[in-house]
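Step one of this worksheet: look at the structure below.
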Amino acid sequence: MNRFLLAYAVLMAGWLPVDAAPAVTGYLPHYRVGIIDKLPVEKLTDVIFFSITPKADGSLNTKNAKPEVLRKLTARAHAKQVRVHICVGGWGLSGGFAPMTANPKARAAFVQQLTAFVRQHRLQGADIDWEHPKTAAEIANYQKLLIELKRAFVPHQLWLTVAAAGWGQHLKRETIQFIDRIHVMAYDQGTPHAPFAGAMKDLHYWEAQGAPKAKLLLGLPFYGRNAQNTARTYGELVAQFKTKPDADVAGGFHFNGPATIRRKTIHAVRGGYGGVMIWELGQDTAGKASLLDAVRAALP
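Each number in the numbering used here comes from the position in the sequence shown (counting from 1) with 627 added on.
Have a look at this one:
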């Protein structure tokens, strides 16, 4: 196994992504394509289009990533030097990972097809969002998938990122070196679902797992949850409750207002982390209450 990893490390030495500025990465789900024309891409460094899914045989279900939509998104983003990535998987969309990764032939097919998809649509990389490997065998197969993807991506200078919760042993220390960024999903943690202390705990968890700070992006929720686990977008909450900038709760819904988003972003940047990640861009509001504007205001 060590020789296997060493071979890939040598391969990777020829290209590693370098990005000195803090990342501001936002997910754009397929059901938000109507906002592409007004998406403030100039305030972002990366957009991740959500999502395509893996099938057991290694093929891709791309029904939600229509070519014309990707063309429109990449045209807008690339005009502002913003990278576009494709997300694979997601909550409730990860069922194909376990059977696919367990079969070496299916895994190879997936790697080939995903690499081709990214290149065909002029994307800059892929974000793997397996929620979540459950068994030791699944975790081991996940490591194989990520390393094999990186091997395929390096010749084309493509980014490989993952979305990860602040718990579980889903990424091994020896695999982290092959990941360009870890998008830390520091939310959905109970009530309140995304407190500042919980976000710090999640970042520290990944540091303890051996992840360099520069690879960690702190996940920021642009939505709220109540004690019944009902979710509302931040934009909906602002419209209904006329929330104040320092508020993090309204109508029983806990969220991150501009003050908390700014505090988290400042900590991520000054603390030496890679930046922030947003779930998701279609949940914000316009004007002075905008969370994305709070992120930008916190950057150096």
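The beta carbon of each residue, even a glycine, is placed where N, CA and C say it ideally should be.
Since the structure is predicted, the reported quantities are computational estimates derived from the model, not experimental observations.
Asked: Could you give the C-beta distance for L844 and A650, rounded to a whole number, given that I count them as a contact under 8 Å?; Found: 6 Å
Asked: Just confirm the distance between the C-beta atoms of I806 and V789, as a whole number of angstroms; I'd bet it's less than 8 Å.; Found: 6 Å
Asked: Between which two residues does the alpha helix (DSSP H) holding F868 run?; Found: Y861 to F868
Asked: Measure the C-alpha to C-alpha separation of L908 and A725 and round it to an integer number of angstroms.; Found: 29 Å
Asked: Distance, Cα to Cα, Q804 vs Y861?; Found: 35 Å
Asked: Taking DSSP's pairing of strands, which residues face L787 in a bridge?; Found: A753
Asked: Nearest-angstrom Cα distance between H705 and L697?; Found: 12 Å
Asked: Buried or exposed for Q595, please, with buried defined as at least 16 other CB atoms from any protein chain shown within 10 angstroms of its CB.; Found: Only positions 628 to 927 of the chain appear in the structure, and residue 595 is not among them; the question remains open.
Asked: Select from W786, H894, G879 and M727 the residue whose C-alpha is nearest the C-alpha of G846.; Found: H894
Asked: According to DSSP, simplified to helix, strand and coil, what is M727?; Found: helix
Asked: Quick check: what's the CA-CA separation for F737 versus A835?; Found: 31 Å
Asked: Taking 9 Å as the threshold (C-beta atoms), are H810 and M904 in contact?; Found: yes
Asked: Give the DSSP-derived three-state secondary structure of L700 in the structure shown.; Found: helix
Asked: Using 8 Å as the cut-off, can you tell me whether the segment 709-717 makes contact with the segment 760-775, which would need three or more C-beta pairs spanning the two stretches below that distance?; Found: no
Asked: With a CB to CB cut of under 7 Å and the five nearest residues on each side skipped, what residues in its chain are close to Y812?; Found: This sequence places Met at residue 812; Tyr is not what is there. Contacts found: A790, A791, A792 and G846.
Asked: Go to R659, then tell me how far its alpha helix (DSSP H) extends in each direction, as first and last residue.; Found: Premise fails: R659 is in no alpha helix (DSSP H) and is neither H nor E.
Asked: Would DSSP call F677 helix, strand or coil?; Found: strand
Asked: I'd like to confirm the pairing. Which residues does DSSP put opposite W906 in its beta bridges?; Found: P848
Asked: Output the distance between the C-alpha atoms of K840 and R808, rounded to the nearest integer angstrom.; Found: 10 Å
Asked: So what does DSSP say about F823, is it helix, strand or coil?; Found: helix
Asked: Check whether the Cβ atoms of A735 and A764 lie closer than 9 Å to each other.; Found: no
Asked: Using DSSP's beta-bridge definition, name the partner residues of N688.; Found: T680
Asked: So, under 8 Å CB-CB, H748 and P694 are touching, yes? Tell me the CB distance rounded to an integer number of Å.; Found: 7 Å
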